[in-house]
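To convert a position in the sequence shown, counted from 1, into the numbering used here, add 208. Let me begin by presenting the structure, written as structure tokens, before commenting on it.
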Amino acid sequence: MLQDEVVVITGVGPGLGSKLAVRAAAEGAKVVMAARSTGVMEQVSKDVAAAGGEAVGVACDVRRPDEVARLVETAVDRFGTITGLVNSAFGHPGFSDLLQTPEKAIRRSMDIILFGALNVTREVVPHMKAAGRGSIVNIGTMTTRKPMRGEGGYAVAKAAMATATQFLALELGPHGIRANQAVMGWLDGPGVRFYLKFTAESRGVSEQDVYDEIAARNPLGRIPTDEACAGAVLFLLSRLASEVTGATLDVNGGEHMPA
């Protein structure tokens with residue numbers, strides 16, 4: 209699906225980011241990973257190499273233009289070009305009502321989610337223009353479409369990214385570059401597993417009870433896994449989605465069905 213593509217993925221941690229990297233490489237892409245800590249990326253690089261693929265990890269804080277420039281330089285030096293970008297780096301300001309969330313925490317989320325994504329996109333786009341094509345996928349959240357109390361500070365940053373996605377699609381389309389958003393709901397990975405454990409202990413019920421409550425909210429009757437949801441992002445990156453730009457793809461097992 210991604211043969212001959214060079215894909216940069218930000219925010220590669222133990223959840224969705226690492227699954228995206230592994231699956232993109234399995235589909236034929238050369239993968240360049242970015243994260244502030246390198247532990248997960250080192251293991252992903254080994255796993256990808258063992259499977260016959262190519263991936264490299266670069267320590268990078270997307271808020272720092274100098275580090276972003278080094279990330280992109282590494283990608284081009286190693287693989288010659290960049291044709292795909294997944295902006296998945298995020299910072300969560302904590303679970304509290306919006307007006308109770310410290311401004312500093314909200315600004316940090318905005319700096320990572322919105323301005324960080326723009327930093328990376330700004331550096332990547334010239335190489336996509338040179339290649340004559342490119343695909344940008346921004347990772348959104350269902351709570352921008354179905355508000356959940358306590359997520360306000362996180363959601364406003366993701367909502368800003370959603371609007372930026374549409375303008376990128378409009379402005380970059382003439383250069384053959386597409387921009388789309390994949391909106392994730394509950395993701396059955398390390399973060400949700402922590403939530404299940406914490407909630408179960410605080411309520412005196414089993415983790416399975418909490419899981420079942422969440423899973424019952426969507427028609428598929430399960431919490432989508434990180435790995436399964438990665439497939440939607442790979443589709444948007446691929447040439448199979450050559451006519452899709454400025455779109456929002458909901459990846460939440462049907463929990464939210466926009467009109």
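For every residue, glycine included, the Cβ atom is placed at its ideal position computed from N, Cα and C.
Shortest alpha-carbon distance to residue 236 belongs to which of 467, 316, 438 and 263? Out of 467, 316, 438 and 263, 263 has the C-alpha closest to the C-alpha of residue 236.
Where the beta strand (DSSP E) through residue 389 begins and ends: Its beta strand (DSSP E) spans residues 385-392.
Pull up the CB-CB distance for residue 240 and residue 256, whole angstroms please, since I reckon it's below 8 Å. Actually they do not touch by this definition, with Cβ atoms about 11 Å apart.
Measure the CB-CB distance between residue 294 and residue 327 and report whether it falls below 8 Å. Contact: no.
Under a three-way DSSP split, which group does residue 320 fall into? helix
Rounded C-beta distance between residue 163 and residue 210? I'm assuming under 8 Å. There is no way to answer for residue 163, as the model of the chain reaches only from 209 to 467.
Going by Cα to Cα distance, which pick from 234, 376 and 242 is closest to residue 221? 242
Just mark residue 356 as buried or exposed, buried being the case when its beta carbon has 16 or more other beta carbons within 10 Å. exposed
When you compare each of 250, 392, 302 and 405 to residue 465 by their alpha carbons, which one comes out closest? 392
Kindly confirm or deny that the stretch 364-379 and the stretch 437-457 touch, where touching means at least three C-beta pairs closer than 8 Å. yes
Would you mind reading off the limits of the alpha helix (DSSP H) that contains residue 420? 415-423
Are at least three pairs of beta-carbons, each pair with one atom in the stretch 400-417 and one in the stretch 355-369, less than 8 Å apart? no
Looking at the secondary structure, which residues open and close the beta strand (DSSP E) in which residue 349 lies? 342-349
Three-state secondary structure (DSSP) of residue 255: helix
For a test of the three-state rule: what should DSSP assign to residue 233, helix, strand or coil? helix
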